[in-house]
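Structure, as structure tokens:
Numbering (my numbering), first residue to last: -7 to 378.
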């Protein structure tokens, strides 16, 4: 198969995976909307008939869940738009924005609920429960548990943070509804009304859930470290090429849950010719995309020293010196050229002074081999190092 036909097949595969993912997210969100609207309607009726502020607020929470799922559908549709001149990397990050909007809606609903429940604490009202209402609330709890597991499962399956959040929120609603049910039972048997206080607690839980969702989404937009499993698997694929002696400096950027781009350094024999390196880079890029759906945008080259007979011994000694320092993760890119020793040092972000550690390593290597100049370049663990 030619490179062009392989590339076309890879692009078709990516489009199919994306389309299937979007359809699954939208279908699941529609199911969640229907279920939440039915639950909200039942709870609203029960809450008004029994004069229960906690049940009414629980109903409002279900209405906001339905609105959140609608935003998920809109966000998924917008995120699937093709790349254009203004957004060459696509529109996938719209999914993160939709998650933030959902978090803001949940937080706002929680604040409104907290204000309303505070009024009820100051001006309490006596609820009027009956067995039918309690049975319906119990059914709502079971529905929410099933809905939460369903949304979480599909969200993990298609890597949708919004669906995963919907699942967590549904399970949280089940806990809230259960507490409402317990409060009702306590009132029936002991004539103690915990309605307004329970509503205030529910409101605080809702606010925290919304705030956590916003915080997590902001962290994703800022750029989180890639999942170590993804990085490990990509490295394993690249190392499967016999010409590659090492894989370093893997950096990943995501422009949405299904749009991951990466760059990497590979170490090859210093006598490889440019046409051979070019052909190797193409094969690596295609293989990584087909296996992991990660687009490799750049592959840089480290040369493996072979002309200097003492290179291996010097490299081993330099590695021992570097690894004797706390916070040092790895050295790589080792090369000797014209009496100059060159290598990169990965120092952990927790180190108090990363540059100082790098300079100390360079000095110690130079003391060991004074006939060489030493160039140690500070590097960071952006993705995965071992």
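Just so it is clear, CB atoms sit at the ideal spot from N, CA and C, and this is done for glycine as well.
Checklist entry - What first and last residue would you give for the beta strand (DSSP E) that runs through residue 320? => result Residue numbering aside, residue 320 sits at position 328 when the chain shown is read from its first letter. Here the beta strand (DSSP E) through residue 320 covers 320 to 329.
Item to check | Helix, strand or coil at residue 134 according to DSSP, with G and I counted as helix | outcome: Taking the first residue of the chain shown as 1, we reach residue 134 at position 142. In this structure, residue 134 counts as helix in the three-state DSSP scheme.
Next on the checklist: Tell me which residue opens and which closes the beta strand (DSSP E) that residue 257 is part of.
Outcome noted: Residue mapping note: residue 257 aligns to position 265 of the chain shown, counting from 1. Per DSSP, residue 257 belongs to the beta strand (DSSP E) from 252 to 261.
Item to check | Proximity below 8 Å, CB of residue 248 to CB of residue 87 | outcome: Counting from one through the chain shown, the residue named residue 248 turns up at place 256. Counting from one through the chain shown, the residue named residue 87 turns up at place 95. Closer than 8 Å, so yes.
Item to check | residue 181 - containing alpha helix (DSSP H), residue span | outcome: On the chain shown, position 189 is the one that residue 181 refers to. Per DSSP, residue 181 belongs to the alpha helix (DSSP H) from 153 to 182.
Item to check | Segments of 3+ residues assigned as beta strand (DSSP E) that fall wholly inside the segment 196 to 273 | outcome: For the segment 196 to 273, whole beta strand (DSSP E) runs of length 3 or above, ordered along the chain, are 238 to 246 and 252 to 261.
Checklist entry - Nearest-angstrom Cα distance between residue 380 and residue 69? => result The chain is shown only over -7 to 378; residue 380 falls outside these bounds and no answer can be derived.
Next on the checklist: Check for me: the alpha helix (DSSP H) holding residue 351 runs from which residue to which?
Outcome noted: Taking the first residue of the chain shown as position 1, residue 351 is located at position 359. Looking at the DSSP string, the run of the alpha helix (DSSP H) that includes residue 351 is 346 to 360.
Next on the checklist: I'd like to know if the segment 225 to 235 and the segment 50 to 64 are in contact, where contact means that at least 3 CB-CB pairs between them fall below 8 Å.
Outcome noted: No: the two stretches stay apart, fewer than three of their Cβ pairs being nearer than 8 Å.
Next on the checklist: Please report the distance separating the alpha-carbon of residue 153 from that of residue 167.
Outcome noted: Taking the first residue of the chain shown as position 1, residue 153 is located at position 161. Taking the first residue of the chain shown as position 1, residue 167 is located at position 175. Cα-Cα distance, rounded: 21 Å.
Item to check | As assigned by DSSP and simplified to three states, the class of residue 380 | outcome: It is not possible to answer for residue 380, since the shown part of the chain is limited to -7 through 378.
Checklist entry - Could you give the distance in angstroms between the alpha-carbon of residue 361 and the alpha-carbon of residue 329? => result Taking the chain shown and counting its residues from 1, the one referred to as residue 361 is at position 369. Taking the chain shown and counting its residues from 1, the one referred to as residue 329 is at position 337. Looking at the two C-alpha atoms, the distance is approximately 14 Å.
Item to check | Residue range of the unbroken alpha helix (DSSP H) whose run includes residue 303 | outcome: As a position in the chain shown, residue 303 is number 311, starting the count at 1. 303 to 315 is the span of the alpha helix (DSSP H), which, as asked, contains residue 303.
Item to check | Paired residues, beta bridge with residue 371 - DSSP | outcome: On the chain shown, position 379 is the one that residue 371 refers to. Per DSSP, 338.
Checklist entry - Within 8 Å (strictly less), CB to CB, does residue 40 reach chain B? => result This model lacks chain B altogether; it includes just one protein chain.
Item to check | residue 380: first and last residue of the uninterrupted beta strand (DSSP E) it sits in | outcome: With the chain covering only -7 through 378, there is no way to say anything about residue 380.
Item to check | Rounded straight-line distance, which links the Cα of residue 196 to that of residue 124 | outcome: Reading the chain shown from its first residue, position 132 is the one you call residue 124. Reading the chain shown from its first residue, position 204 is the one you call residue 196. Cα-Cα distance, rounded: 28 Å.
Next on the checklist: Whole angstroms are fine: how far does the CA of residue 84 sit from the CA of residue 339?
Outcome noted: Translated into positions along the chain shown, residue 339 becomes position 347. Translated into positions along the chain shown, residue 84 becomes position 92. C-alpha separation (whole angstroms): 32 Å.
Next on the checklist: What does the Cβ neighbour count give for residue -7, buried or exposed, with the cut at 16 atoms within 10 Å?
Outcome noted: Numbered from its first residue, the chain shown carries residue -7 at position 1. Note that residue -7 has pLDDT 41, beneath the 50 cutoff, so the model's placement of it is unreliable and no number is given.
Next on the checklist: Within the continuous alpha helix (DSSP H) that includes residue 461, where are the two ends?
Outcome noted: Because the chain is modelled from -7 through 378, residue 461 falls outside the range shown and cannot be assessed.
Checklist entry - How long is the line joining the alpha carbons of residue 310 and residue 284, rounded to whole angstroms? => result On the chain shown, residue 310 is found 318 positions in, with the first residue counted as 1. On the chain shown, residue 284 is found 292 positions in, with the first residue counted as 1. Roughly 34 Å between the two C-alpha positions.
Checklist entry - Could you check where the alpha helix (DSSP H) with residue 87 kicks off and where it finishes? => result The residue given as residue 87 occupies position 95 in the chain shown. That run of the alpha helix (DSSP H) goes 86 to 114.
Next on the checklist: Do residue 126 and residue 188 have their beta-carbon atoms positioned less than 8 Å apart in this structure?
Outcome noted: Numbered from its first residue, the chain shown carries residue 188 at position 196. Numbered from its first residue, the chain shown carries residue 126 at position 134. Result no, Cβ atoms of residue 188 and residue 126 do not sit closer than 8 Å.
Checklist entry - Within 10 angstroms of its Cβ, does residue 190 collect 16 or more other Cβ (buried), or is it exposed? => result Taking the chain shown and counting its residues from 1, one reaches residue 190 at position 198. Answer is buried; the Cβ neighbour count reaches 16.
Next on the checklist: Taking the alpha-carbon of residue 291 as reference, which of 255, 105 and 36 has the nearest alpha-carbon?
Outcome noted: Translated into positions along the chain shown, residue 291 becomes position 299. For residue 291, the nearest C-alpha among the options comes from 255.
Checklist entry - Which residue's Cα is closest to the Cα of residue 356: 333, 139 and 223? => result What you label residue 356 is simply residue 364 of the chain shown in a count that begins at 1. The residue with the shortest Cα to Cα distance from residue 356 is 333.
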